[in-house]
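Those letters in the sequence shown? Residues 23 to 592, by this note's numbering.
Even glycine gets a Cβ: it sits at the ideal position worked out from N, Cα and C.
The structure under discussion appears below in the form of structure tokens.
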Amino acid sequence: MPLPKLPTKPADTIDIGTIATPKTRTAATAARSRPKANVADMPAAATAVAADMAQPAKTTRPTATKAASKTAAKSVAVKQPSPTATKTAAVKTTPTPKKTAVKTATTAATETKKLFVLDTNVLLHDPSSLFRFQEHDIFLPMMTLEELDHHKKGMTEVARNARQVSRSLDALAAETDDILHGMRLDVLGNKDATGLLLFQTSNMESDLGISLPTGKADNMILSVVQTLQKQHPKRQVILVSKDINMRLKARALGMEAEDYLNDHSLEDSDLLYDGIMQLPANFWSRHGKDVESWMQGGITYYKIKGPLCPEFIINEFVYLEGDTPLYAQVKEVSGKTAVLATLRDYTHKKNNVWGVTARNREQNFALNLLMNPDCDFVSLLGQAGTGKTLLALASGLTQVLETKRYSEIIMTRVTVPVGEDIGFLPGTEEEKMQPWMGALEDNLEFLNSGIHTEAGDWDRSASKEFIKSHIKVKSLNFMRGRTFLNKFLIIDEAQNLTPKQMKTLITRAGPGTKIVCLGNIAQIDTPYLTEGSSGLTYVVDRFKGWSHSGHVTLQKGERSRLADYASDAL
């Protein structure tokens with residue numbers, strides 16, 4: 023077999039004796055192919071053999087000369103291999119292991135990448151989920167695209183998400199020459215997504231081993247997952263779905279299935295920031311050295327130093343009960359130094375807010391946030407009966423009607439029914455929202471009755487109408503594109519909002535607007551939302567530590583002894 027010439031070796035040093043002579047060459051050419059330099063270096067016996075075979079070449083036929091030449095060349099190659107031949111063989115055989123090693127490394131890297139098969143509800147829940155799987159690959163069954171096309175019509179949040187996913191897929195396809203071999207997910211600027219997006223391009227029907235209705239979307243996706251497992255036995259193929267029953271069926275059929283958790287702000291709701299820290303009993307002994315204090319605007323400030331200061335968060339409430347009680351709010355944190363500011367006592371009647379006083383420690387903290395003009399965003403969490411809506415309405419009415427800090431109160435909530443939907447409602451936007459605003463009516467009735475106990479029915483009715491004229495009830499469906507100026511915006515039942523909906527609402531705030539989010543993450547009615555992925559959990563975690571926001575988790579119910587007992591016993 024001919025050996026190739028080395029491109030890096032100079033032409034005048036190539037040993038042509040190592041190159042096989044073609045059959046079409048003449049005897050003279052074959053004779054010239056014998057290496058002259060190697061003959062001089064051969065042992066005496068080899069030289070004699072070469073000389074004896076070369077002498078008859080003058081009188082014999084060309085065929086004999088050619089045979090003798092070949093024999094001599096073979097003898098020389100066996101007795102003394104040339105350096106060129108050795109080097110050529112080494113160069114030729116070395117690249118093969120390198121190519122094999124590179125190919126093996128590429129195959130190993132591909133096998134370590136997981137292959138995630140996305141269910142449609144994942145894309146409808148989070149349109150950016152395509153770019154949330156880091157270095158792993160994504161596979162979209164054709165049935166997923168069919169369901170996306172089915173949900174794209176309408177003005178609902180699901181329809182908007184479906185259209186957003188379709189636009190992202192179209193942009194990825196426009197940047198890819200051959201989508202059959204996968205589309206790179208980082209071509210649109212998503213640097214964290216370094217995997218490939220693969221489409222189903224062939225029939226992938228597989229026998230699931232159990233009789234299931236054919237034609238159903240879930241079963242067709244399960245069939246695709248099983249086919250992929252057979253095609254890629256060394257890769258981890260995982261179905262990702264927000265549907266619990268879909269995941270259960272997949273696991274029952276021997277497939278790996280996971281929930282989509284990339285949108286979770288927290289893995290455990292118990293780790294959610296509650297805005298309150300109880301100080302240890304030895305706080306003053308460890309932090310009371312070199313304390314600086316001063317008065318400003320009726321508020322006492324303490325500048326302290328100690329090991330607990332780095333754990334403080336801006337606008338977090340700290341308290342110490344005992345012989346030397348302290349109720350304060352963190353204003354500044356710098357290394358092991360912090361500035362604490364005392365609070366206004368809203369448990370006293372002289373500091374009542376629209377006739378309402380705080381009944382416990384957490385309500386006092388909440389009113390300090392609600393009445394603070396420097397705090398633009400307030401979030402209140404708590405179970406039913408802890409006073410979230412009442413405190414927000416009372417502080418809103420005080421700052422709208424008494425101090426004139428805001429022009430009006432805007433209240434909205436998600437219209438997710440607990441039971442069966444009652445269908446379409448007649449009337450204007452506010453009339454349609456009235457059935458959802460029972461909490462507003464109840465609290466307004468309480469606030470109105472508390473202020474005008476000595477007034478007659480007519481005065482009480484007039485005051486109620488005057489209050490209602492400064493409260494607007496709006497639907498979330500018409501918030502996009504609006505800008506609120508000098509408004510006191512209350513978002514009730516915020517736990518039923520997605521992070522994207524929450525962002526849409528909060529970004530409506532203009533100059534002078536205060537937004538208050540109320541909710542209970544234990545009462546989520548929206549499908550596919552959990553305590554970790556709720557929009558309320560999302561904003562509490564993201565606004566934590568901002569100097570113009572605050573959060574309090576209300577603990578104690580103040581509705582009635584019956585409600586308190588029911589919440590514990592039932």
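What's the C-alpha gap between Thr-4 and Phe-305? No answer is possible for residue 4: it lies beyond the span of the chain, which begins at 23 and ends at 592.
Grab me the residues of Gly-328's own chain with a C-beta within less than 6 Å of its C-beta, minus the 5 sequence neighbours each way, in chain order. In the sequence shown, the residue the question calls residue 328 occupies position 306. Excluding sequence neighbours, Gly-328 sits near Arg-308, His-309.
Could you tell me how far apart the beta carbons of Leu-207 and Leu-218 are, in whole angstroms, since I believe they sit closer than 8 Å? On the sequence shown, position 185 is the one that residue 207 refers to. On the sequence shown, position 196 is the one that residue 218 refers to. Yes, they are in contact, since the Cβ atoms of Leu-207 and Leu-218 sit about 7 Å apart, within 8 Å.
Leaving out five residues before and five after Ser-571 in sequence, what residues of the same chain have Cβ atoms less than 6 Å from its Cβ? Taking the sequence shown and counting its residues from 1, the one referred to as residue 571 is at position 549. Correct list, in chain order: Phe-399, Phe-565.
Confirm, please, whether the CB-CB distance from Arg-381 to Glu-580 is below 8 Å. Taking the sequence shown and counting its residues from 1, the one referred to as residue 580 is at position 558. Taking the sequence shown and counting its residues from 1, the one referred to as residue 381 is at position 359. Cβ atoms of Glu-580 and Arg-381: closer than 8 Å.
May I have the straight-line CA-CA distance separating Val-124 from Ser-224, to the nearest angstrom? Along the sequence shown, read from residue 1 onward, the residue named residue 124 stands at position 102. Along the sequence shown, read from residue 1 onward, the residue named residue 224 stands at position 202. Its pLDDT being 43, under 50, Val-124 is placed unreliably in this model, and the value from its coordinates should be taken loosely. Approximately 30 Å between the Cα atoms of the pair.
Beta-bridge partners of Cys-539, as assigned by DSSP: Here residue 539 is taken as the residue at index 517 of the sequence shown, counted from 1. DSSP, once it has assigned bridges, lists Ser-401, Ile-513 as partnering Cys-539.
Do Glu-338 and Met-393 have their beta-carbon atoms positioned less than 8 Å apart in this structure? Within the sequence shown, the letter at position 371 stands for residue 393. Within the sequence shown, the letter at position 316 stands for residue 338. The beta carbons of Met-393 and Glu-338 sit no closer together than 8 Å.
Find the nearest neighbour of Arg-257 within the set Arg-189, Phe-161, Arg-427, judged by alpha-carbon distance. Taking the sequence shown and counting its residues from 1, the one referred to as residue 257 is at position 235. Checked all of Arg-189, Phe-161, Arg-427; the closest Cα to Arg-257 is Phe-161.
Would Ala-350 and Thr-369 qualify as a contact pair, given that the criterion is a beta-carbon distance under 8 Å? As a first step, residue 350 is located in the sequence shown; it is residue number 328 there, counting from the start. As a first step, residue 369 is located in the sequence shown; it is residue number 347 there, counting from the start. Pairing Ala-350 with Thr-369 gives a Cβ-Cβ distance that is not under 8 Å.
Whether or not the region 267-279 and the region 168-181 are in contact is what I'm after, with contact meaning three or more pairs of Cβ atoms, one per stretch, closer than 8 Å; do they touch? no
Within the chosen definition, does the region 509-519 reach the region 548-560 through at least 3 CB pairs nearer than 8 Å? yes
With a cut-off of 8 Å, do at least 3 Cβ pairs link the region 145-155 to the region 175-188? Pairwise C-beta distances place the region 145-155 in contact with the region 175-188, as three or more of them are shorter than 8 Å.
Tell me which residue opens and which closes the beta strand (DSSP E) that Arg-257 is part of. Sequence index remark: in the sequence shown, residue 257 carries index 235 (1-based). Taken as a continuous stretch (DSSP letters only), Arg-257 belongs to no beta strand (DSSP E), as it is neither H nor E.
Can you tell which of Arg-502, Glu-280, Lys-496 has its C-alpha closest to the C-alpha of Phe-510? For the purposes of this step, residue 510 is taken as the residue at position 488 of the sequence shown. Selected option, being the one with the closest Cα: Lys-496.
Measuring CA to CA, which of Leu-152, His-158, Asp-396, Leu-423 is closest to Val-259? The count along the sequence shown starts at 1 and reaches residue 259 at position 237. The option with the nearest alpha carbon to Val-259 is His-158.
Just to confirm, is the Cβ distance from Lys-325 to Val-361 under 8 Å? Position 303 of the sequence shown, counting from 1, holds the residue named residue 325. Position 339 of the sequence shown, counting from 1, holds the residue named residue 361. Taking 8 Å as the Cβ cut-off, Lys-325 and Val-361 qualify as a contacting pair.
What's the C-alpha gap between Thr-428 and Gln-385? The count along the sequence shown starts at 1 and reaches residue 428 at position 406. The count along the sequence shown starts at 1 and reaches residue 385 at position 363. According to the sequence displayed, residue 428 carries Tyr and not Thr. Those two C-alpha atoms are separated by around 22 Å.
Under three-state DSSP, which class holds Ile-321? The sequence position of residue 321 within the sequence shown is 299, counting from 1. Three-state DSSP puts Ile-321 in a strand.
If you scan the region 539-584 from start to end, which runs of the beta strand (DSSP E) of 3 or more residues do you find wholly inside it? 571-576
For Met-226, I'd like the list of residues in its chain whose CB is within less than 6 Å of its CB, leaving aside the five on either flank, ordered along the chain. Position 204 of the sequence shown holds residue 226. The answer, listed in chain order, is Val-246, Thr-249.
N- and C-terminal bounds of the alpha helix (DSSP H) containing Phe-19: For the chain, the structure presents residues 23 to 592; residue 19 sits outside this window and is missing.
Hey, would you say Thr-166 sits closer than 8 Å to Ile-243, going by beta carbons? Locating residue 166 in the sequence shown gives position 144, where the first residue counts as 1. Locating residue 243 in the sequence shown gives position 221, where the first residue counts as 1. Their beta carbons are under 8 Å apart, which means Thr-166 touches Ile-243 by this criterion.
Taking the continuous beta strand (DSSP E) assigned at Lys-358, which residues delimit it? Taking the first residue of the sequence shown as 1, we reach residue 358 at position 336. Premise fails: Lys-358 is in no beta strand (DSSP E) and is neither H nor E.
Excluding the five sequence neighbours on either side, which residues of its own chain have a C-beta within less than 6 Å of the C-beta of Lys-334, listed in chain order? Translated into the one-based positions of the sequence shown, residue 334 becomes position 312. The identity of residue 334 in the sequence shown is Phe, whereas the question assumes Lys. Here the set comprises Val-352, Val-355, Ala-360.
Can you have a look at Pro-302 and say buried or exposed, based on whether 16 or more other CB atoms are within 10 angstroms of its CB? What you label residue 302 is simply residue 280 of the sequence shown in a count that begins at 1. Exposed, by the Cβ-count rule.
On the DSSP letters alone, give me the boundaries of the alpha helix (DSSP H) that Ile-160 sits inside. By one-based count along the sequence shown, residue 160 stands at place 138. It is not in any alpha helix (DSSP H) - Ile-160 instead sits in the beta strand (DSSP E) that spans 159-162.
Quick check on the DSSP output: the beta strand (DSSP E) that includes Lys-494 runs from which residue to which? Residue 494 sits at position 472 when you count from the first residue of the sequence shown. Note, Lys-494: beta strand (DSSP E), 493-495.
Own chain, CB closer than 6 Å to Arg-504, minus 5 neighbours either side, in chain order: Working through the sequence shown from its first residue, we reach residue 504 at position 482. Result list for Arg-504: Arg-530, in chain order.
According to DSSP, is Val-209 helix, strand or coil? Working through the sequence shown from its first residue, we reach residue 209 at position 187. Reduced to three states, the DSSP call for Val-209 is coil.
Using only alpha-carbon positions, find the residue among Ala-215, Gly-204, Glu-463, Thr-236 that is nearest to Gln-222. Position 200 of the sequence shown, counted from the start, is the residue given in the question as residue 222. Considering only alpha carbons, the answer is Gly-204.
Within 10 angstroms of the Cβ of Leu-592, are there 16 or more other Cβ atoms? Answer buried if so, exposed if not. Translated into the one-based positions of the sequence shown, residue 592 becomes position 570. Looking at its Cβ environment, which holds fewer than 16 other Cβ atoms inside 10 Å, Leu-592 is exposed.
Quick check: the Cα distance between Pro-149 and Asp-285, rounded to an integer number of angstroms? Within the sequence shown, the letter at position 127 stands for residue 149. Within the sequence shown, the letter at position 263 stands for residue 285. For Pro-149 and Asp-285, the distance between alpha carbons rounds to 11 Å.
From Asn-390 to Tyr-587, what does the alpha carbon distance come to, in whole angstroms? Here the question's residue 390 lines up with position 368 in the sequence shown. Here the question's residue 587 lines up with position 565 in the sequence shown. Looking at the two C-alpha atoms, the distance is approximately 28 Å.
Please return the same chain residues whose Cβ sits closer than 8 Å to the Cβ of His-589, not counting the five positions on each side in sequence. Locating residue 589 in the sequence shown gives position 567, where the first residue counts as 1. In the sequence under discussion, the amino acid at residue 589 is Ser, which differs from the His named in the question. Correct list, in chain order: Gln-405, Ala-406, Gly-407, Gly-579.
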